[in-house]
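Engineer:
In this note's numbering, the protein residues as written are 9 to 327.
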């Protein structure tokens, strides 16, 4: 899928926010979110009832710590040359409250992701180990019973660590206003500077969440469109459509190159409470509209990748 089509689909799904997460984020799997108007109540601690309700909204639930693993199954390149593309990824993250008041929350944290990519390059078929290190700072403010603000800045390093320089440094940023339209619908709008489509770009953000009851949520938001059903206070079932991708500065055969990857993921998932605030999750699904690209002084080298399966799982401790 070309980049113009990605941009249109991005907006149709509600426009971008981070994750960053989330988001939760890209190869980043997005953060969990709380319902606007509930997330900052009572020092920002969600009640058990709120945790049992569905978690996709524009005001993120603060996650103390998380860890995950993701893998795609081997897939052919569209030109049929015989090589296989594969991705293995793991990540850890932790956030810490700096200001924690009834209507204001300021957090800062650290996020590390390790990506092992097997793909074809300008020169040969290679395996790259890519690193993403980010320091996300989130500011969330409940402005009124209906209005909430979320701003995020996440400077980071995106590199193979072969030859670090200024080209390895980047950032993502986002600002959103969320409005509670009525007891069933929340809307949000703003803008985001994102790397989730394989390179850096600014896009407007727009989306809505419909909650017909306490057990069902239909979220047309970025970083994922998701339908979630709360089977109980300890079990969530979901179907989702999410963007995946990123951009890294690497060295290949002594040449500085920018590597971009982009895809769409459609999957189903289950999330279960382990104990207290600890939750585990597992998703499985399909990656499609996949492309990787190498950008160098000598030109660009884009490659389309056949559709393929992926799975991901992990644990998180919720605020």
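Here a beta-carbon is modelled for each residue, glycine too, at the ideal position from N, C-alpha and C. Quick caveat, the model's predicted, so the values are computed rather than measured.
1) Can you tell me which of 122, 228, 87 and 223 puts its alpha carbon nearest to the alpha carbon of residue 213?
2) When DSSP labels each residue in this structure, what does residue 103 get in the three-state scheme?
3) With distances taken Cα to Cα, identify the nearest neighbour of residue 182 among 84, 176, 197 and 324.
4) From the DSSP output, read off the bridge partner residues of residue 332.
5) In whole angstroms, what separates the C-alpha of residue 310 from that of residue 174?
6) Grouping DSSP H, G and I as helix and E and B as strand, with all else coil, what is residue 306?
7) For residue 281 versus residue 222, is the C-beta spacing smaller than 7 Å?
8) Strictly by DSSP, which residues pair up with residue 93?
9) Please report the Cβ distance between residue 259 and residue 176, rounded to the nearest whole angstrom; I am assuming they are in contact, meaning their Cβ atoms lie under 8 Å.
10) Taking the straight line between their C-alpha atoms, what separation do you get for residue 95 and residue 202?
11) Count the other CB atoms, across all protein chains shown, that sit within 10 Å of the CB of residue 151; report buried if there are 16 or more and exposed otherwise.
12) Count the CB pairs spanning the segment 132 to 146 and the segment 309 to 324 that are closer than 8 Å, and state whether there are at least three.
13) Using a threshold of 7 Å, state whether the C-beta atoms of residue 72 and residue 248 are closer than that.
14) For residue 157 and residue 317, I'd like the C-alpha separation in whole angstroms.
15) Please list the terminal residues of the continuous beta strand (DSSP E) segment that includes residue 257.
16) In three-state terms, what does DSSP make of residue 264?
17) Quick one: measure Cβ to Cβ for residue 253 and residue 269, integer angstroms, because I've assumed they're closer than 8 Å.
18) Where residue 142 and residue 207 are concerned, what is the direct C-alpha to C-alpha distance, given to the nearest angstrom?
19) Looking only at its chain, what residues have a beta carbon closer than 7 Å to the beta carbon of residue 112, apart from the 5 residues adjacent to it on each side?
20) Is the CB-CB distance between residue 80 and residue 314 below 7 Å?
21) Is it buried or exposed for residue 168, if we count other Cβ within 10 angstroms and need 16 for buried?
Structural biologist: So, from the listed chains and residues:
1) 228
2) strand
3) 197
4) No answer is possible for residue 332: it lies beyond the span of the chain, which begins at 9 and ends at 327.
5) 24 Å
6) coil
7) no
8) 83
9) Residue 259 to residue 176, Cβ: 10 Å. No contact.
10) 21 Å
11) exposed
12) no
13) no
14) 36 Å
15) 243 to 260
16) strand
17) 5 Å
18) 16 Å
19) 149
20) no
21) buried
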